[in-house]
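Asker:
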Amino acid sequence: NASPCTESMLSLIHRLFISNNALGGCFILLYAILVPIFKVVALTLGEYWRCSEEEALVSRSRSCILAVHFISKWACPDM
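Quick note, the sequence shown lines up with residues 837 to 915 if you use this note's numbering.
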C-alpha cells in the first residue's frame with residue numbers, strides 16, 4: 837500500500853538542484869514562479885497607473901500591459 841505522492845513546485849525545484857539538474861530547476865523556477873509573479877506585478881502596476889494624471893505613468897501602464905501580452909503569447913500557461 838503506497839502512500840500518495842504529493843509534491844510542491846518548490847520541492848521539485850529543490851530536488852532538481854540537489855540532483856545536479858540545475859538547468860531544469862532554473863527553467864521550472866522561471867516558468868512556474870518568476871513569470872507568473874512578474875505578470876501579477878505588471879498587471880497591478882498597469883492598472884494602478886492607467887488612470888494617472890501624468891502621461892508618463894499612463895505610458896508605463898500601457899507598456900506593462902503589452903509586456904504581459906507578449907509574455908503570455910510564448911510562455912507556458914501559468915501552473
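C-beta: ideal position from N, C-alpha, C; glycine also.
#1: Do residue 871 and residue 907 have their C-beta atoms closer together than 8 Å?
#2: If you measure between the beta carbons of residue 852 and residue 864, is that distance less than 8 Å?
#3: Here's the rule I'm using: 16 or more other beta-carbon atoms within 10 Å means buried, otherwise exposed. How should residue 847 be labelled?
#4: With residue 854 and residue 882 assumed to form a contact (beta carbons below 8 Å), what rounded beta-carbon distance in angstroms separates them?
#5: What is the rounded straight-line gap between the Cα of residue 858 and the Cα of residue 873?
Answerer: Answer, in terms of the structure:
#1: yes
#2: yes
#3: exposed
#4: Incorrect: roughly 38 Å between the Cβ atoms, too far for contact.
#5: 21 Å
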